[in-house]
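Q:
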Amino acid sequence: GAGVSQSPSNKVTEKGKDVELRCDPISGHTALYWYRQSLGQGLEFLIYFQGNSAPDKSGLPSDRFSAERTGGSVSTLTIQRTQQEDSAVYLCASSLERDRADGYTFGSGTRLTVV
Amino acid sequence: GEDVEQSLFLSVREGDSSVINCTYTDSSSTYLYWYKQEPGAGLQLLTYIFSNMDMKQDQRLTVLLNKKDKHLSLRIADTQTGDSAIYFCAEGLRSQGNLIFGKGTKLSVKP
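Protein chains in written order, with this note's numbering: chain A, 395 to 509; chain B, 153 to 263.
1. The beta strand (DSSP E) spanning N250 (chain B) covers which residue range?
2. Assuming G410 (chain A) contacts R505 (chain A) under a Cβ cut-off of 8 Å, what Cβ separation, rounded to an integer in Å, is found between them?
3. When the Cα of N446 (chain A) is compared with those of A:F459, A:T470, A:A482, which residue comes out closest?
4. Could you check what DSSP says for S412 (chain A) in three-state terms: helix, strand or coil?
5. Could you check what DSSP says for T470 (chain A) in three-state terms: helix, strand or coil?
6. Which partner residues does M207 (chain B) have in the DSSP bridge list?
7. Can you list, in chain order, the residues of its chain whose CB lies under 7 Å from that of I228 (chain B), leaving out five sequence neighbours each side?
8. Cβ of N204 (chain B) less than 8 Å from any chain A Cβ?
9. Throw me the rounded Cβ distance for the N250 (chain B) and F439 (chain A) pair, which I believe falls under 8 Å.
10. Answer yes or no: does any C-beta atom of chain B fall closer than 8 Å to that of L454 (chain A)?
11. Can you round the beta-carbon distance between G267 (chain B) and S502 (chain A) to whole angstroms, since I take them to be within the 8 Å contact cut?
12. How is Q478 (chain A) classed by DSSP in three states: helix, strand or coil?
13. How would you list, in chain order, the residues of chain A whose beta-carbon sits under 7 Å from the beta-carbon of A193 (chain B)?
14. If we ignore side chains and look at the alpha-carbon of each, how far apart do S180 (chain B) and S260 (chain B) end up?
15. With DSSP run on the structure shown, which of helix, strand or coil describes D235 (chain B)?
16. 8 Å is my cut-off, CB to CB: does G497 (chain A) come that close to chain B?
17. Quick one: grab the DSSP three-state call for L433 (chain A).
18. Contact criterion: CB-CB distance below 8 Å. Does Y442 (chain A) meet it with respect to chain B?
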C-alpha cells in the first residue's frame, strides 16, 4: 500500500479482555516497529521486527504483551488481560531496512482505551 | 544509556522564527531526526541529519547539530499556524534497530 495502515483506529475494551492490534506496513519494507505513545510520556519503544523475527523484544512492558509478524508483512500486537494503564496510542512504523537514513514511515496509530 | 530530552512547550507568533531544542546522551548516534505529529495523526518525518554534519537546510527548516555538546535544534522560519504540532527529536544508534525519541515539544503558533 501507499502508507502504513493500522487497524482499528480506535478500540475501547473492558479491563481483563484481550485485544489485537494490526499493522500493515509499506510493501517491501523489511523492518517493522511498534511504539506506544502515552500522554506526556513521548514514544516508548515496544518491539522491532526484521523480516519475521524480532531481534529486540526488550521494550515489551510485561508478558501480557506479545507480537508476531508473518510473511514479512502484516504484524499483530496482542495485549492479554488488558489493564487501564495499557490505554495509549499504539503506533506502528516500517522502513526499508534497519539504519535507513530516511527513518521510518509511521501509521496513524490505534487509540486503545481500557475501561 | 540513551536519553533524548526536549522542552515540552513552545509558543510563538505567526511570522516569527521558532527554535526547538533537543539534547541527547549517546555519542554513537548515526542519524538524528525531526518528526512532526499533527493532532490525531502519526509521525511524519520532517528532516534528518547525519551525525558528521553540523547543519542542514531545507526550505524553511534549518537543523543545527553540535556534536560536542550533543545538542540538536530545529529552526522554522516564518512560522505559520499550520506549523502548530508536536515536534519529536529522535536519534538512531549503530547498536540498536529502533530510534530513540524525545517526549516531544508542542509548538503553538498564535495569529
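Note that CB positions come from ideal geometry on N, CA and C, so glycine has one too.
A: Checking against the coordinates, here is how it stands:
1. The sequence position of residue 250 (chain B) within the second sequence is 98, counting from 1. Element bounds for N250 (chain B): n/a, residue is neither H nor E.
2. The sequence position of residue 410 (chain A) within the first sequence is 16, counting from 1. The sequence position of residue 505 (chain A) within the first sequence is 111, counting from 1. With a Cβ gap of about 19 Å, G410 (chain A) and R505 (chain A) do not count as contacting.
3. Within the first sequence, the letter at position 52 stands for residue 446 (chain A). Taking only the C-alpha atoms, the option nearest N446 (chain A) is A:T470.
4. Here residue 412 (chain A) refers to the residue found at position 18 of the first sequence. Position check: residue 412 (chain A) holds Asp in this sequence, whereas Ser was assumed. Correct three-state label for D412 (chain A): coil.
5. By 1-based counting over the first sequence, the position of residue 470 (chain A) is 76. In the structure shown, T470 (chain A) sits in a strand (DSSP, three-state: E or B).
6. For the purposes of this step, residue 207 (chain B) is taken as the residue at position 55 of the second sequence. The partner list for M207 (chain B) (beta bridge, DSSP) reads B:L216.
7. For this step, residue 228 (chain B) is matched to residue 76 along the second sequence. Contacts found: S169, S170, R212, L213, D235.
8. For this step, residue 204 (chain B) is matched to residue 52 along the second sequence. Judged by the 8 Å Cβ criterion, N204 (chain B) is not in contact with chain A.
9. Working through the second sequence from its first residue, we reach residue 250 (chain B) at position 98. Working through the first sequence from its first residue, we reach residue 439 (chain A) at position 45. Yes, N250 (chain B) and F439 (chain A) are in contact; Cβ-Cβ is about 5 Å, under 8 Å.
10. Start at 1 with the first residue of the first sequence, and residue 454 (chain A) comes out as number 60. Not an interface residue.
11. A question about residue 267 (chain B) goes unanswered here, because the residues of chain B that appear run from 153 up to 263.
12. Taking the first residue of the first sequence as 1, we reach residue 478 (chain A) at position 84. Note: Q478 (chain A) maps to helix in three-state DSSP.
13. Position 41 of the second sequence holds residue 193 (chain B). Within 7 Å Cβ-Cβ: S502.
14. Numbered from 1 along the second sequence, position 28 holds the residue referred to as residue 180 (chain B). Numbered from 1 along the second sequence, position 108 holds the residue referred to as residue 260 (chain B). C-alpha separation (whole angstroms): 32 Å.
15. What you label residue 235 (chain B) is simply residue 83 of the second sequence in a count that begins at 1. Note: D235 (chain B) maps to helix in three-state DSSP.
16. Here the question's residue 497 (chain A) lines up with position 103 in the first sequence. It does; some Cβ of chain B falls within 8 Å.
17. Translated into the one-based positions of the first sequence, residue 433 (chain A) becomes position 39. L433 (chain A) falls in the coil class under three-state DSSP.
18. Residue numbering aside, residue 442 (chain A) sits at position 48 when the first sequence is read from its first letter. Yes, its Cβ sits closer than 8 Å to a Cβ of chain B.
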